[in-house]
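All remarks here apply to the structure that follows.
In the numbering used here, the protein residues as written are 2 to 235.
Right, dumping it as structure tokens:
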């Protein structure tokens, strides 16, 4: 039976459902709280600038980037990029997203170990994520054709994909830590008032679920590969 149609696809179903739910959750939450104004008048970019400057990071630039929710921190040049809606809007969603990216800047400045480890893994994971599945597929085809080398290639592909899982495993606590820093800073710096704290937390929590889902999908895929490997050997 072809690889993509065997019974092990069942293993992926819960993770895929979680992934769809997480995407819907972050989209719905961002849409909802992008309509809730920040009572203290901060836009995403002004909140980010306040957070950075208050932590001695005046030198960290904030750039504009096209797209929707394309906001990110770039450790290569120690900069933050914000999408137009996040940068310009004065809403709970905008300031939460912007301050989350500032959380990464704080991590970078402090030498946060997991962030450094994740950044160091990026070049390797870019390679393994691109080639792990082709190697797995070639291995399966060769195994089905009776070539002994197929098993070796399949195992190599599984190891390569294991690095992708490791990357997702490291990414989750990095993102959660950045969100915790963002919420703490928004409160201590007076960016949000007491009535807005729970709303900001909801935005950050919804965004975090996308990383939980990404890890779940990666783990499910790895488990599926291990099940296939065992069945092929038997």
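Ideal Cβ placement from N, Cα and C applies to all residues, glycine included.
Proximity to residue i [Cα-Cα], best of the options
i	options	result
residue 77	61, 92, 88 and 89	61
residue 192	28, 94, 73 and 18	94
residue 68	112, 25 and 86	86
residue 33	92, 8, 40 and 81	92
residue 159	88, 150, 57 and 225	225
residue 65	218, 29 and 83	83
Collapsed DSSP secondary structure at residue i in the structure displayed
i	result
residue 149	coil
residue 34	helix
residue 192	coil
residue 156	helix
residue 40	coil
residue 7	coil
residue 197	coil
Contacts around residue i, its chain only, beta-carbon distance under 8 Å, and the 5 residues preceding and following it disregarded
i	result
residue 163	223
residue 51	43, 190 and 192
residue 180	101, 104, 205, 206, 208 and 209
residue 39	48, 91, 92, 93, 95, 96, 192, 193 and 197
residue 157	136 and 140
Start and end residues, alpha helix (DSSP H) containing residue i
i	result
residue 64	No alpha helix (DSSP H) holds residue 64; the beta strand (DSSP E) holding it covers 63–65.
Beta-carbon proximity list for residue i, same chain, < 6 Å, skipping 5 on both sides
i	result
residue 211	23 and 27
residue 142	none
residue 168	122 and 126
Own chain partners of residue i with C-beta closer than 7 Å, once the 5 adjacent residues on each side are dropped
i	result
residue 184	201, 202 and 205
residue 37	92, 93 and 200
At 4 residues or longer, what runs of the alpha helix (DSSP H) sit wholly inside the region 56–139?
85–89 and 93–111
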